[in-house]
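Enquirer: For the sequence shown, my numbering begins at 124 and goes up steadily by one.
Before we start, here is the structure in question, set down as structure tokens.
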Amino acid sequence: MVNLRSNNDALVLRHQPYGEYHPYIPLPFERMPRNPASGEVIVLNIETEHNQSVQSVWCLWSAEGKDLSSRIDAVAISKDESLDHWQVFLPSFSGCETVHYRLFAENKNQKTESEEFSFLVSSWIKVNSIISVEDTDNKLDIRLSTERSGLYLRLLIEPDSGKSLSLKLLAVQETSLTTSTLTSFSKVWDDLEITLKNGPFSFELSRKSDGLQLKTQRPLKVLVNVDGEVLQYHLCFESPADEAFYGFGERFNALNQRGNHLDNYVYGQYTSQGKRTYIPVPFFISSRGYGLWMKTDRQAEFDMAAARPDSWAITGHAEGDSNLELKFFVQPQPFEIVKAFTDLTGKPKLPPTWMFGLWMSSNDWNSQAEVIKQLHETQKQGIPASVLVIEAWSDEMTFYIWNDALYQKNLHLKPWLY
Numbered sequence: 124m125v126n127l128r129s130n131n132d133a134l135v136l137r138h139q140p141y142g143e144y145h146p147y148i149p150l151p152f153e154r155m156p157r158n159p160a161s162g163e164v165i166v167l168n169i170e171t172e173h174n175q176s177v178q179s180v181w182c183l184w185s186a187e188g189k190d191l192s193s194r195i196d197a198v199a200i201s202k203d204e205s206l207d208h209w210q211v212f213l214p215s216f217s218g219c220e221t222v223h224y225r226l227f228a229e230n231k232n233q234k235t236e237s238e239e240f241s242f243l244v245s246s247w248i249k250v251n252s253i254i255s256v257e258d259t260d261n262k263l264d265i266r267l268s269t270e271r272s273g274l275y276l277r278l279l280i281e282p283d284s285g286k287s288l289s290l291k292l293l294a295v296q297e298t299s300l301t302t303s304t305l306t307s308f309s310k311v312w313d314d315l316e317i318t319l320k321n322g323p324f325s326f327e328l329s330r331k332s333d334g335l336q337l338k339t340q341r342p343l344k345v346l347v348n349v350d351g352e353v354l355q356y357h358l359c360f361e362s363p364a365d366e367a368f369y370g371f372g373e374r375f376n377a378l379n380q381r382g383n384h385l386d387n388y389v390y391g392q393y394t395s396q397g398k399r400t401y402i403p404v405p406f407f408i409s410s411r412g413y414g415l416w417m418k419t420d421r422q423a424e425f426d427m428a429a430a431r432p433d434s435w436a437i438t439g440h441a442e443g444d445s446n447l448e449l450k451f452f453v454q455p456q457p458f459e460i461v462k463a464f465t466d467l468t469g470k471p472k473l474p475p476t477w478m479f480g481l482w483m484s485s486n487d488w489n490s491q492a493e494v495i496k497q498l499h500e501t502q503k504q505g506i507p508a509s510v511l512v513i514e515a516w517s518d519e520m521t522f523y524i525w526n527d528a529l530y531q532k533n534l535h536l537k538p539w540l541y
């Protein structure tokens with residue numbers, strides 16, 4: 124919400140915690156991060172106007188269940204011809220708190236205050252150890268304990284006939300489960316071996332034929348809200364310095380995504396896309412000879428050795444029943460991995476032959492005369508174009524009726540006419 128006074132003599136104080144919910148471009152008076160997690164420093168961005176010069180801005184905040192409020196003065200960070208920008212730095216919280224705050228501004232004559240805002244602090248919880256392993260011929264059902272009392276995870280691991288492996292994580296709320304004395308566990312499926320270890324919990328996938336080893340690095344974590352609901356899962360794996368990563372849908376920044384932080388988010392960036400895309404796919408192939416698909420249509424994050432040069436990590440949102448499903452493709456060749464992936468997702472239909480020719484287009488071809496001129500010039504120069512795109516959508520002065528109009532064919536007596 125925005126506190127905006129229409130009276131030209133009144134102080135104007137703006138703060139909108141979620142802004143416009145833009146995934147990449149925040150407003151200058153948002154809360155950052157919008158949904159804080161434990162350990163994160165929280166910045167309240169504030170905007171005031173020059174119609175009445177503001178001398179000071181501050182925040183009063185309190186954690187729910189505590190009577191004491193704390194005051195933090197804002198810092199003036201920039202100004203322009205009509206606006207001043209301020210920041211309040213709230214402390215980081217331990218997690219699972221509800222925090223309320225209100226903003227104030229004053230000069231020597233006036234004082235104004237915002238409505239009350241609040242946010243919930245979620246908490247990252249680490250997986251501790253294995254409690255039990257139920258081993259059948261075609262599935263492992265593993266119970267895992269966490270740092271949070273009463274919160275457990277189930278890890279389901281299941282192979283298929285095509286050298287792929289499904290991993291499914293589910294949150295389980297239990298009053299108490301017996302602690303296991305199990306220190307490690309191994310399971311072999313044909314060419315694949317799964318190894319689980321305690322102290323702390325770790326997971327390793329090995330391919331015996333060529334020695335490929337895919338090991339977790341750092342504990343598996345889940346993001347939990349105030350009510351104990353699992354919101355996200357975070358997994359991290361070791362990565363040698365020469366490992367390359369390819370995929371993630373249509374990307375404009377690079378072929379090898381090592382060193383980049385990518386998200387699975389549909390966004391229509393017109394030009395200078397960078398790492399943004401409107402055709403994301405949560406799937407990649409490693410140069411080491413494996414692939415990964417996160418089975419989700421929700422936002423997800425892929426840290427491909429960006430934060431740490433020795434590991435890659437994924438963060439996925441929990442689905443409806445608090446689960447996250449991954450598919451590891453352990454076929455050694457990229458063609459085999461792509462085939463196995465599209466066997467699950469569906470094969471693309473082969474386009475008509477003309478689709479594979481040279482395409483030509485321009486926003487400047489905004490008349491029939493110009494389009495025909497370019498066609499003749501293309502033929503004259505011997506350019507083997509098979510598609511011409513008329514990108515005259517930005518021509519707001521012309522009214523097109525192609526979709527609704529009916530024409531009689533002229534049997535090619537007059538070219539370009541119907």
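In this text, a Cβ means the ideal position worked out from N, Cα and C, and glycines have one as well.
Looking at the structure shown, is F451 part of a helix, part of a strand, or coil, going by DSSP?
Expert: The answer is strand: DSSP assigns F451 an E or B state.
Enquirer: Check each candidate in R154, M417, K286 and name the one with the smallest Cα separation from Q113.
Expert: Not covered by the structure: residue 113. The range shown for the chain is 124 to 541.
Enquirer: Report the rounded CA-to-CA distance for S179 versus V222, giving the unit in angstroms.
Expert: Roughly 23 Å between the two C-alpha positions.
Enquirer: Measuring alpha carbon to alpha carbon, tell me which of S268, T438, W312 ends up nearest P323.
Expert: Closest by alpha carbon: S268.
Enquirer: Helix, strand or coil for A492 per DSSP?
Expert: Helix.
Enquirer: Give the straight-line distance between the Cα atoms of P405 and C359, rounded to the nearest whole angstrom.
Expert: Roughly 16 Å between the two C-alpha positions.
Enquirer: Helix, strand or coil, according to DSSP, for F324 in the structure here?
Expert: DSSP places F324 in coil when its eight states are reduced to three.
Enquirer: Report the residue from G397, V510, F451, V512 whose alpha carbon sits nearest the alpha carbon of Y147.
Expert: The shortest C-alpha separation from Y147 is found at G397.
Enquirer: Quick check on T468: buried or exposed, where buried means 16 or more other Cβ atoms within 10 Å of its Cβ?
Expert: Exposed, because fewer than 16 other Cβ atoms sit within 10 Å of the Cβ of T468.
Enquirer: With the cut-off set at 8 Å, would you say L337 and L328 are in Cβ contact?
Expert: Yes, the Cβ-Cβ distance between L337 and L328 is below 8 Å.
Enquirer: Could you check whether the Cβ of I437 sits closer than 8 Å to any Cβ belonging to chain D?
Expert: Protein chain content of the structure displayed is limited to a single chain, and chain D is not contained in it.
Enquirer: Cutting at 8 Å between CB atoms, please list the residues of its own chain near K231, excluding the five before and the five after it.
Expert: Excluding sequence neighbours, K231 sits near Q178.
Enquirer: Counting along the chain, where does the alpha helix (DSSP H) carrying K462 start and finish?
Expert: Unbroken alpha helix (DSSP H) run through K462: 457-468.
Enquirer: Can T235 be considered in contact with the ligand MN, in the sense that its beta carbon sits closer than 7 Å to one or more heavy atoms?
Expert: Looking at this structure, you won't find the ligand MN or any other ligand, since it has none at all.
Enquirer: Between the Cα of A364 and those of E316, D426, P432, S484, spot the shortest distance and give me the residue it belongs to.
Expert: Answer by Cα proximity: P432.
Enquirer: Mind pulling the beta strand (DSSP E) runs of 3 or more residues that sit fully within the stretch 217-302?
Expert: 220-229, 234-236, 240-244, 246-259, 262-269, 274-282, 287-296, all fully within the stretch 217-302.
Enquirer: Under 8 Å between the Cβ atoms of N387 and N376?
Expert: Cβ atoms of N387 and N376: not closer than 8 Å.
Enquirer: Give a yes or no on contact between the stretch 246-260 and the stretch 411-425, applying the rule of three or more CB pairs nearer than 8 Å.
Expert: With the cut-off at 8 Å, the stretch 246-260 and the stretch 411-425 do not touch.
Enquirer: Does D190 pass the burial test, meaning 16 or more other C-beta atoms within 10 Å, or should it be called exposed?
Expert: Exposed, by the Cβ-count rule.
Enquirer: Are the beta-carbon atoms belonging to R330 and D350 less than 8 Å from one another?
Expert: Not a contact, by the Cβ cut-off of 8 Å.
Enquirer: Looking at the secondary structure, which residues open and close the beta strand (DSSP E) in which A508 lies?
Expert: Where A508 is concerned, the enclosing beta strand (DSSP E) stretches over 508-513.
Enquirer: How many angstroms separate the CA atom of E204 from the CA atom of D196?
Expert: If you take the alpha carbons of E204 and D196, they lie about 23 Å apart.
Enquirer: How is the beta strand (DSSP E) around R194 delimited, first residue to last?
Expert: First-last of the beta strand (DSSP E) with R194: 193-196.
Enquirer: Per DSSP, what kind of secondary structure is Q210 in: helix, strand or coil?
Expert: Residue state, collapsed to three classes: strand.
Enquirer: Would you mind giving the Cβ-Cβ distance between R381 and F368, rounded to the nearest angstrom? I have them listed as a contact below 8 Å.
Expert: Rounded, the Cβ-Cβ distance is 5 Å, consistent with contact.
Enquirer: Going by CA-CA distance only, name the one from P507, S410, H138 that's closest to D240.
Expert: The sequence shown places Phe at residue 240, rather than the Asp named in the question. Ranking P507, S410, H138 by Cα distance to F240 puts H138 first.
Enquirer: Could you tell me whether the stretch 493-507 touches the stretch 433-451, using the rule of 3 or more Cβ pairs below 8 Å?
Expert: No, they do not touch.
Enquirer: Using a Cβ-Cβ cutoff of less than 7 Å, which residues in the same chain neighbour S332 once the five nearest sequence positions on both sides are dropped?
Expert: Once the five neighbours on either side are set aside, the close Cβ partners of S332 are D314.
Enquirer: Tell me the residue span of the beta strand (DSSP E) that contains L358.
Expert: 353-361 is the extent of the beta strand (DSSP E) around L358.
Enquirer: Between the beta-carbon of F216 and the beta-carbon of V198, is there less than 8 Å?
Expert: Cβ atoms of F216 and V198: not closer than 8 Å.
Enquirer: Taking the DSSP output, what are the residues bridged to S395?
Expert: BP columns for S395 are empty, so no partner.
Enquirer: Whole angstroms are fine: how far does the CA of A508 sit from the CA of S485?
Expert: Approximately 14 Å, taken between the alpha carbons.
Enquirer: Do you know offhand how far E373's Cα is from I402's?
Expert: Distance between the alpha carbons of E373 and I402: 5 Å.
Enquirer: For L378 and N348, I'd like the C-alpha separation in whole angstroms.
Expert: Looking at the two C-alpha atoms, the distance is approximately 37 Å.
Enquirer: Is the beta carbon of S434 closer than 8 Å to that of A100?
Expert: Residue numbering for the chain in the displayed model covers 124 to 541; residue 100 lies beyond these limits and cannot be assessed.
Enquirer: Please tell me whether G273 and T298 are closer than 8 Å, where the distance is taken between their beta carbons.
Expert: Cβ distance < 8 Å, so G273 and T298 count as in contact.
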